[in-house]
Amino acid sequence: MESKIAQWLESRLGLKATVLRPVPEYSLNPFYWLGALTVIAFVLQAFTGLLMLIYYVPTTDQAYASTLYIIRTVPLGWLIETVHLYGAYAMILLAFLHMFRGYFVSVQKQPREMMWVIGMLMGLIVLVFGLTGYLLPWTVVSKSATDVSIGMLSFLPAQIGPVLTFLLAGTGSNAAELSRFFDLHIVVLPAVLLVLLVVKMYMFEVHGAAEPSTGPKRAKEIPWFPNVFLYFAMIGSVFVAVVLLASALFPLSLPTEFTPLAASVYVPQPEWYFLWFYQVLKFASFEGEGIYYALGGVTIILALFILLPFIDRGTTRDAASRPLYTTTGLILIAELVTLTVWGYFTPGQVIPDLQALVIIVEVALVIAMMSALTYRMRSKMRGLPVRGLGLRIMALPFTHRMITSIFAVLLVMGSVSLAGLVGSLATGSINSAAASVNFIVLLSSFYFMARILRNLTLRQRGALP
Amino acid sequence: MKLDQEAVKYPVGWVLVILLVTIAAYLWLMDLFSMQRVFGVLLASELVAFAMLAYMYSKPSFSKVSKTWLLIGSVSVAVFLFLALTIATQ
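Residue numbers (our numbering), protein chains in the order written: chain A, 85 to 549; chain B, 2 to 91.
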């Protein structure tokens, strides 16, 4: 029966004559579809955004009232509003995941350098989407955070700051700011994103999906219709179902309306995807004139990331054979997560330099050391059969009573130290001596646990007596 | 007893199609103002059921369809329907 339906659709719609190329079998894996899921999130945003546009009024006296009207009076209003919010979160998260997945499997290598650059630009536009959309409900939370962002633009060098400030905030009045953000959010950014998407899709059709960095490169090609189309429909449906379920279970509650009085007692804090940057700006050294260094540093890291294909010129794509880039990526992710969590728990607090240094360096060191141990262990194992090793390694310490006890003690010590560090991070007050002790205990316990695992694994494989 | 895999495909497909149509009809008839949370959960279950159908037909034969995924999908739909019922009766 399905073949008849497929035949009918194909003959009427010409689906098999589609320009989309067949895809290799290995790419029918959700990790290959993170970019497509980001596009689905964008379509979901466009759909819910257009529905809200029927009622939303982008003026300072009507923006909040019309948002409230959508939530309280319009049928399915708050569901659409919540789906739009969570869809934005999902889109940003997927864009980050897509970027880091690409980084670790080196999709940016020849001939896909420009796809990486365009993808990075699209990622930046997604973040600006978040920034501009955040202001539109005109709540005290969104307006205060946006004002902080616009204020930072004035620190940009030469004429970039004034020009960007004018483009975003106009002459400085609230009405001009809201109007410009609205125009950017619903016209300019979608148009630019669509153009970049078309260019990237064209390049994707030319170059195809990147081969796996390890394992067999040749695979059977699957036609776009019906197999890939149905796969795409499946993952898209599951994604939208997750967003809908989250929206239904955790509905949006709109903060209070922006008024100068309400803003005067509110500590501005950005959305989660900008918290890492917000936290960096709160470091004591970056207060006042020091903001130039923070902006400069973040811009340099971003530029290096955009230009990565022209910096990392090696031909190896396997993450296991690229310790420097893999470790750098892991450190970057760990720092982003740490700064985000830290920023969430310490709104408005200026972070002393020593504390900032201890946390940033500790996180980097822990990740670097774990990465180094993993690579060292891997090099020792080279030449030994590792098939099926996986999680079995984790069970090895528990095969002898004495080793189990030692391992358990180390595990408890490491966990307590880690909890101490995270706890001090959460409360925002850190004692340097206690942090140093915790740090040393944490590293030592990690080191000895890794040694035990390594020796047991090697012994089991017959490499040690 | 060995099941004829392709023979099982059609009943499973029809059950999913009936479920999809039933939920769609209920979504069409329900009060869209007072039952927004129920609408969200039911639409999510509709999409998961559709995803199961798409998954089944994306494979060349039913023997290549993972029964574990079908089970996870079925349990998810059941849980979503139970959630919708719970929210509706609150």
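The beta carbon of each residue, even a glycine, is placed where N, CA and C say it ideally should be.
For residue i, the nearest candidate out of the options (CA to CA)
i               : options                           : result
F523 of chain A : A:V493, A:T488, A:V447 and A:F491 : A:V447
M318 of chain A : B:A45, B:S62, B:V80 and B:S64     : B:A45
Q129 of chain A : A:G498, A:L542 and A:Y173         : A:Y173
L502 of chain A : A:L457, A:L152, A:I270 and A:V450 : A:V450
W117 of chain A : A:M198, A:L494, A:V210 and A:G320 : A:G320
I270 of chain A : A:L414, A:P108 and A:M136         : A:M136
A52 of chain B  : A:G245, A:A325 and A:L273         : A:A325
F126 of chain A : A:I536, A:S489 and A:F323         : A:F323
L93 of chain A  : A:G133, A:S508, A:Y428 and A:P310 : A:P310
M199 of chain A : A:P393, A:S528, A:L537 and A:V506 : A:P393
L527 of chain A : A:V506, A:F316, A:V232 and A:M497 : A:M497
L495 of chain A : A:V521, A:G507, A:V525 and A:L505 : A:V525
Y531 of chain A : A:Q363, A:S516 and A:F491         : A:F491
L252 of chain A : A:R401, A:G245 and A:E261         : A:E261
T488 of chain A : A:L537, A:V158, A:Y153 and A:V224 : A:L537
E289 of chain A : A:R196, A:Y139, A:T541 and A:S499 : A:R196
L457 of chain A : A:F313, A:P307 and A:P407         : A:P407
Residues near residue i in its chain [Cβ-Cβ closer than 7 Å; skip 5 each side]
i               : result
T249 of chain A : I234, L237 and S238
N573 of chain A : The question about residue 573 of chain A has no answer here: the residues shown for chain A are numbered 85 through 549.
M2 of chain B   : Note that M2 of chain B has pLDDT 43, beneath the 50 cutoff, so the model's placement of it is unreliable and the number below is only indicative. Closer than 7 Å at Cβ, skipping near neighbours: no residue.
M486 of chain A : none
I88 of chain B  : R38, V39 and V42
A303 of chain A : P108, E109 and Y110
Unbroken alpha helix (DSSP H) run spanning residue i, endpoints
i               : result
M204 of chain A : E197 to L219
M183 of chain A : G161 to F188
V271 of chain A : That residue, V271 of chain A, is in no alpha helix (DSSP H); it is neither H nor E in DSSP.
W117 of chain A : From DSSP, W117 of chain A is part of no alpha helix (DSSP H); its letter is neither H nor E.
M36 of chain B  : It is not in any alpha helix (DSSP H) - M36 of chain B carries neither H nor E in the DSSP assignment.
W70 of chain B  : K68 to A89
E419 of chain A : P407 to F429
I193 of chain A : Looking at the sequence shown, residue 193 of chain A is not Ile but Lys. Careful: K193 of chain A lies outside any alpha helix (DSSP H) and carries neither H nor E.
G235 of chain A : V224 to L237
I138 of chain A : Counting along the chain, I138 of chain A falls outside any alpha helix (DSSP H), and DSSP gives it neither H nor E.
T81 of chain A  : Outside the shown range of chain A (85 to 549) lies residue 81 of chain A, about which nothing can therefore be said.
L356 of chain A : With the sequence shown as reference, residue 356 of chain A is identified as Trp, and Leu is not the correct amino acid for it. Unbroken run through W356 of chain A: none, as it is neither H nor E.
V312 of chain A : From DSSP, V312 of chain A is part of no alpha helix (DSSP H); its letter is neither H nor E.
Y153 of chain A : A147 to R156
Presumed contact (8 Å Cβ cut-off) between residue i and residue j, rounded CB distance
i               : j               : result
A403 of chain A : F115 of chain A : Not confirmed; about 13 Å, so no contact.
L220 of chain A : F265 of chain A : 7 Å
I435 of chain A : F367 of chain A : 5 Å
Q37 of chain B  : L333 of chain A : 12 Å between Cβ atoms; not a contact.
I417 of chain A : F184 of chain A : 6 Å
I176 of chain A : G214 of chain A : 6 Å
V283 of chain A : I209 of chain A : That pair is no contact at about 13 Å.
T166 of chain A : L336 of chain A : 4 Å
Sequence-distant residues of its chain with Cβ nearer than 8 Å to residue i (five each side left out)
i               : result
L84 of chain B  : V42
R471 of chain A : Below a pLDDT of 50, predicted positions are generally treated as unreliable, and R471 of chain A, at 46, falls in that range; the measurement from the model is reported next regardless. Closer than 8 Å at Cβ, skipping near neighbours: no residue.
V18 of chain B  : L54
Own chain, CB closer than 6 Å to residue i, minus 5 neighbours either side, in chain order
i               : result
T230 of chain A : L219
L473 of chain A : In this prediction, L473 of chain A scores a pLDDT of 49, lower than 50, which makes its location untrustworthy; the coordinate-derived value is nonetheless stated afterwards. Counting only Cβ-Cβ distances below 6 Å, and skipping sequence neighbours, we find nothing.
V78 of chain B  : S46, V49 and A50
Near the ligand PLP: residue i beta-carbon under 6 Å from a heavy atom
i               : result
P221 of chain A : Although the ligand PLP was asked about, the structure shown includes no ligands whatsoever.
Against chain B: residues of the region 397-408 of chain A by CB proximity under 8 Å: Cβ proximity to chain B below 8 Å picks out nothing from the region 397-408 of chain A.
Against chain B: residues of the region 290-310 of chain A by CB proximity under 8 Å: Within the region 290-310 of chain A, the residues whose Cβ lies closer than 8 Å to some Cβ of chain B are P310, listed in chain order.
Residues from the region 5-29 of chain B in contact with chain A, defined by Cβ distance under 7 Å: Those would be none; no residue qualifies.
Where the region 35-63 of chain B meets chain A: residues whose CB sits under 7 Å from a CB there: For the region 35-63 of chain B, the beta-carbon criterion of a distance under 7 Å to any beta-carbon of chain A is satisfied by Q37, R38, F40, G41, V42, L44, A45, L48, V49, F51, A52, A55, Y56, Y58 and S59.
Chain B contacts from the region 354-367 of chain A (Cβ-Cβ distance under 7 Å): The residues in question: there are none.
Proximal residues, the region 322-333 of chain A versus chain B, C-beta separation under 8 Å: Contacts with chain B (Cβ-Cβ distance below 8 Å) from the region 322-333 of chain A involve V322, V324, A325, V326, L328, L329, S331, A332 and L333, listed in chain order.
Residues of the region 442-462 of chain A with Cβ closer than 9 Å to any Cβ of chain B, in chain order: Listed in sequence order: no entries.
Contact set between the region 146-180 of chain A and chain B, restricted to residues whose Cβ is under 7 Å from the partner: Using a CB distance below 7 Å, the part of the region 146-180 of chain A facing chain B consists of P159, L160, W162 and L163, ordered along the chain.
Interface residues of the region 92-120 of chain A facing chain B [CB-CB below 9 Å]: L112: these are the residues of the region 92-120 of chain A whose beta carbon lies less than 9 Å from some beta carbon of chain B, given in chain order.
Within 7 Å of chain B by C-beta, residues of the region 130-145 of chain A in sequence order: Those residues of the region 130-145 of chain A that come within reach of chain B (Cβ to Cβ, closer than 7 Å) do not exist; the list is empty.
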